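Here the structure is laid out as C-alpha cells; the discussion comes afterwards.
In our numbering, the protein residues as written are 8 to 112.
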C-alpha cells in the first residue's frame, strides 16, 4: 500500500511539472490564453494531466484484478506482487496509488 501511495505522489508531482513543461512547447497564442486564466482556472488546467494519468492507472489496476484475479477467494488480496494480471501488482498497490493521488491533489 505504501509503495503505491509513494509512487502515486511522485507521479502526480512529475505530471504536474510535465504539464508546465508541455505548455512551453505549445503555440504562443495558446500560452497567452493559459496565462490569462484566473488562479483557480490555472490550477484546474494544470491538474488535468495528473488526473488523466491517475485515471488510466486505476483502469489498468482494476482491470487486472477483476479479470485476472482469483475468482474463488472471498478475502482481499493484500499482496504487493500477485501471480496474475498484466502488471503483476496487487490491488493493494492501486489503492495506495489512489490515496497518494488524493493526498497530493
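Idealized CB from N, CA, C, for every residue including glycine. Nothing here was measured: the structure is a model prediction, and the numbers come from that model.
Rounded straight-line distance, which links the Cα of residue j to that of residue i
i           : j           : result
residue 32  : residue 16  : 25 Å
residue 88  : residue 70  : 15 Å
residue 38  : residue 58  : 21 Å
residue 112 : residue 104 : 12 Å
residue 22  : residue 60  : 8 Å
residue 45  : residue 51  : 10 Å
residue 102 : residue 67  : 12 Å
residue 36  : residue 43  : 11 Å
residue 26  : residue 48  : 14 Å
Any C-beta of chain B under 8 Å from that of residue i
i          : result
residue 40 : In summary, chain B is missing from the structure at hand, where a single protein chain is found.
Limits of the alpha helix (DSSP H) - the one that residue i falls within
i          : result
residue 94 : Counting along the chain, residue 94 falls outside any alpha helix (DSSP H), and DSSP gives it neither H nor E.
residue 73 : 46 to 74
residue 21 : 9 to 31
residue 89 : No alpha helix (DSSP H) holds residue 89; DSSP gives it neither H nor E.
residue 83 : No alpha helix (DSSP H) holds residue 83; DSSP gives it neither H nor E.
Closest residue to residue i among the options (Cα-Cα distance)
i           : options          : result
residue 10  : 85, 112, 39      : 85
residue 72  : 110, 100, 55, 61 : 100
residue 65  : 42, 21, 97       : 97
residue 106 : 62, 40, 55       : 62
residue 94  : 74, 18, 47       : 74
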